[in-house]
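Notes for the one structure printed next.
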Amino acid sequence: MARKIINNPRKCAITHLMNIIGGKWKIIIIHVIGHKPIKFDGLLHCIPAISKAMLTIQLKELEEDGIIEKRLFHDIQPHIDYSLTNKGKSLVPIINLFSDWCDENIEGIEFVPCRIDHLGSNEEGNYNRLFTEE
Numbered sequence: 061m062a063r064k065i066i067n068n069p070r071k072c073a074i075t076h077l078m079n080i081i082g083g084k085w086k087i088i089i090i091h092v093i094g095h096k097p098i099k100f101d102g103l104l105h106c107i108p109a110i111s112k113a114m115l116t117i118q119l120k121e122l123e124e125d126g127i128i129e130k131r132l133f134h135d136i137q138p139h140i141d142y143s144l145t146n147k148g149k150s151l152v153p154i155i156n157l158f159s160d161w162c163d164e165n166i167e168g169i170e171f172v173p174c175r176i177d178h179l180g181s182n183e184e185g186n187y188n189r190l191f192t193e194e
């Protein structure tokens, strides 16, 4: 499937950003990978509504754009882990702002429930924010 790109003749930064992280799944994928490196099957478990084919496409695009990287481990059972690059980690505060906005403005907004299994939480039990290592 060919990648869908928004035409951007004026080189608008927001349009460029949407070409990189726009779409239904990319911010959620970045959010999940931001917690810790994770295998493909772990991502499928955390985002049960995404198909294997769509996850593969989204991971490939995020890797091409330098947001995530995959590392092959040659253990007894070889596997690939996905993690954020420095560029991907720089998106964490932005995604946290989206989460904060949602917390402040979600009342009265109707949406279709979506189940995303998170990998952990902070001391307050907040699963919505990503945490950076300082």
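With the numbering used here as the guide, the letters of the sequence shown map in order to residues 61 to 194. Even glycine gets a Cβ: it sits at the ideal position worked out from N, Cα and C.
Taking 3 residues as the shortest admissible run, the region 78-123 contains no complete beta strand (DSSP E) segment at all.
By the C-beta criterion, the region 86-94 is judged to be in contact with the region 106-121, since at least 3 inter-stretch pairs fall below 8 Å.
Listed as beta-bridge partners of S143 by DSSP are E129. G83 is the residue among D135, I136, I155, G83 whose C-alpha sits nearest the C-alpha of M114.
As the crow flies, the alpha-carbon of L144 is around 25 Å from that of C72. The alpha carbon of V92 has as its nearest neighbour, out of D125, I117, N156, the alpha carbon of N156.
Contact check for P97 and D160: beta-carbon distance about 25 Å, past the 8 Å limit, so the pair fails to qualify. One thing to note: E121 has its Cβ within 8 Å of the Cβ of R63. Its chain contains T145, K147, G148 as the residues whose beta carbon lies nearer than 8 Å to that of G126, once the 5 sequence neighbours on both sides are disregarded; these appear in chain order. By the C-beta density criterion, G168 is exposed, having fewer than 16 other C-beta atoms within 10 angstroms. In this structure, the beta-carbon distance from I128 to L119 falls below 8 Å. A Cβ-Cβ distance of about 6 Å is found for the pair H76 and N68, placing them in contact under the 8 Å criterion. Nearest Cα to R131 within the set E164, D163, I80, F100: F100. When DSSP states are grouped into helix, strand and coil, D160 belongs to the helix group.
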